[in-house]
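Numbering (the working numbering), first residue to last: 25 to 121. Each residue gets a CB set at the ideal place from its N, CA and C atoms; glycine is no exception. Reviewing the structure listed below.
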């Protein structure tokens, strides 16, 4: 499974209903599981982003659908990055001509 790093920012709606955040997080975890993916770690953060999620998914399409579905609820804006492991990094770099 591929690894993804998602950077989240709460919208005005998400902040107005922040006390519902834990329930929304559990619903997101369930959606990931139902799609054959897994939300591995959630961090509340301080700074430019409000939260960071590390997840694994079977493919980019699945994770894109999950990101769009979660974003369409209007509580967060997401920026998702595909992550490569150290082993992948070494393979990629060693294949450079």
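Please state if the CB of residue j and the CB of residue i are separated by a distance shorter than 8 Å.
| i | j | result |
| --- | --- | --- |
| residue 74 | residue 48 | no |
| residue 26 | residue 110 | no |
| residue 61 | residue 87 | yes |
| residue 98 | residue 37 | yes |
Return the chain-ordered list of same chain residues with a C-beta closer than 8 Å to the C-beta of residue i, the five sequence neighbours on each side being excluded.
| i | result |
| --- | --- |
| residue 94 | 52, 55, 100 and 102 |
| residue 68 | 74 and 75 |
| residue 41 | 99 |
Can you look up residue i in the DSSP assignment and give me helix, strand or coil?
| i | result |
| --- | --- |
| residue 88 | helix |
| residue 120 | coil |
| residue 181 | Coverage of the chain is limited to positions 25 through 121, which leaves residue 181 absent and any answer about it impossible. |
| residue 51 | helix |
| residue 61 | coil |
To which residues of the same chain is residue i closer than 7 Å at the C-beta, ignoring the five residues directly before and after it?
| i | result |
| --- | --- |
| residue 107 | 27, 28 and 29 |
| residue 66 | 49, 75 and 77 |
| residue 117 | none |
Tell me the DSSP bridge mates of residue i?
| i | result |
| --- | --- |
| residue 66 | 77 |
| residue 30 | 77 and 104 |
Using 8 Å for Cβ pairs, my map puts residue i next to residue j. What's the rounded Cβ distance?
| i | j | result |
| --- | --- | --- |
| residue 91 | residue 104 | 5 Å |
With a threshold of 6 Å on Cβ separation, who are the neighbours of residue i within its own chain once the five nearest residues in sequence on each side are excluded?
| i | result |
| --- | --- |
| residue 85 | none |
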